[in-house]
Amino acid sequence: VITKNDPRFQLIDSASFASKNLYNAANYRLRQEFIVNNRYISYPSMDQQMRETEEYSSLPAKVAQQVLITLDKNWKSFFAAREEWEENPSKFNLKPRMPGYKDKEGRNGLLYTIQAISKPNLEKGIIKPSKLDLFVQTKQQPEKVACVRIVPRHTHYVVEVVYEKEEEQASVDTSLIA
16 VITKNDPRFQ
26 LIDSASFASK
36 NLYNAANYRL
46 RQEFIVNNRY
56 ISYPSMDQQM
66 RETEEYSSLP
76 AKVAQQVLIT
86 LDKNWKSFFA
96 AREEWEENPS
106 KFNLKPRMPG
116 YKDKEGRNGL
126 LYTIQAISKP
136 NLEKGIIKPS
146 KLDLFVQTKQ
156 QPEKVACVRI
166 VPRHTHYVVE
176 VVYEKEEEQA
186 SVDTSLIA
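Going by this note's numbering, the first residue of the sequence shown is number 16, and it counts up by one from there.
Structure representation (structure tokens):
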């Protein structure tokens, strides 16, 4: 948990704000293309378009890509919901709406994949996201780290380290089968 009086808060806050700006800028382009031309811009095309923008370059490339991937998923969910609504509107209270904008003064989460985490530090058991002065000691083997999420809350940020874990077969009592 990174609170406002933590020296790392400002750096994380500005990255989260930049993430929100990128989300809104890309969403504006998607909405305009959909409203005016009734077309959707795919993730690869949107990534190409946004690479030249200030919003994109203010974040590490892998993090900016994750913001655009999240937006792409939101739009695909909208299309799936709209298709379902057209088939059976009784399942819905309202017609599905296009993904909206993040609050102007709001923040957006940051997702650092393993490619955006410092390899030399990870080998030492320390997680250091790219372009952030943030060091987190790993609790598991470094090779099990899948990604790091920085989630904005109302007054603080939560740093979540996601680990990959092998599935384990639970013990089954065959006498309890229905």
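Don't be surprised by glycine CBs; every beta carbon is placed ideally from N, CA and C.
Handout entry: Where I165 falls, given that 16 or more other Cβ within 10 Å makes a residue buried
Key = buried
Exercise for the section: Going by DSSP, name the residue or residues bridged to I165. Expected result: L125, V174
Problem - Spatial distance of R122 from K19 (CA atoms) - result: 14 Å
Problem - Contact under 9 Å by Cβ, K77 with Y38 - result: It is not a contact, given that the beta carbons lie outside the stated cut-off.
Handout entry: Cβ distance (whole Å) where L86 is taken to contact A33 below 8 Å
Key = Not a contact, Cβ separation roughly 14 Å.
Handout entry: Run of the alpha helix (DSSP H) containing L113, from where it starts to where it stops
Key = The question names Leu, yet the displayed sequence has Met at residue 113. Careful: M113 lies outside any alpha helix (DSSP H) and carries neither H nor E.
Problem - 8 Å contact criterion, which N136 and I142 should meet: CB distance rounded - result: 7 Å
Practice task
For the alpha helix (DSSP H) holding R46, just list the boundary residues, first then last.
Solution key: 24-52
Handout entry: Opposing strand residues paired with I84 [DSSP bridges]
Key = The partner list for I84 (beta bridge, DSSP) is empty, contrary to what the question assumes.
Exercise for the section: Count the other CB atoms, across all protein chains shown, that sit within 10 Å of the CB of A41; report buried if there are 16 or more and exposed otherwise. Expected result: buried
Exercise for the section: Return the first residue and the last residue of the alpha helix (DSSP H) that Q64 is part of. Expected result: Residues 58-65.
Problem - Residues sharing a beta bridge with P144, DSSP - result: I132
Exercise for the section: On a CA-only basis, which of F24, I50, K180, E175 is nearest M113? Give me that one, please. Expected result: Looking from the CA of M113, the closest CA among F24, I50, K180, E175 belongs to I50.
Exercise for the section: Starting from the C-beta of F24, find all residues in its chain whose C-beta is less than 6 Å away, skip the five residues before and the five after it, and write them out in chain order. Expected result: I17
Handout entry: Span separating the alpha-carbon of A185 from that of Y55
Key = 44 Å
Practice task
State the beta-bridge partners of I17 as determined by DSSP.
Solution key: DSSP, once it has assigned bridges, lists Y172 as partnering I17.
Exercise for the section: Return the residue from the list V160, L125, K146 that minimises the CA-CA distance to G140. Expected result: V160
Practice task
Measure the C-alpha to C-alpha separation of I132 and P144 and round it to an integer number of angstroms.
Solution key: 5 Å
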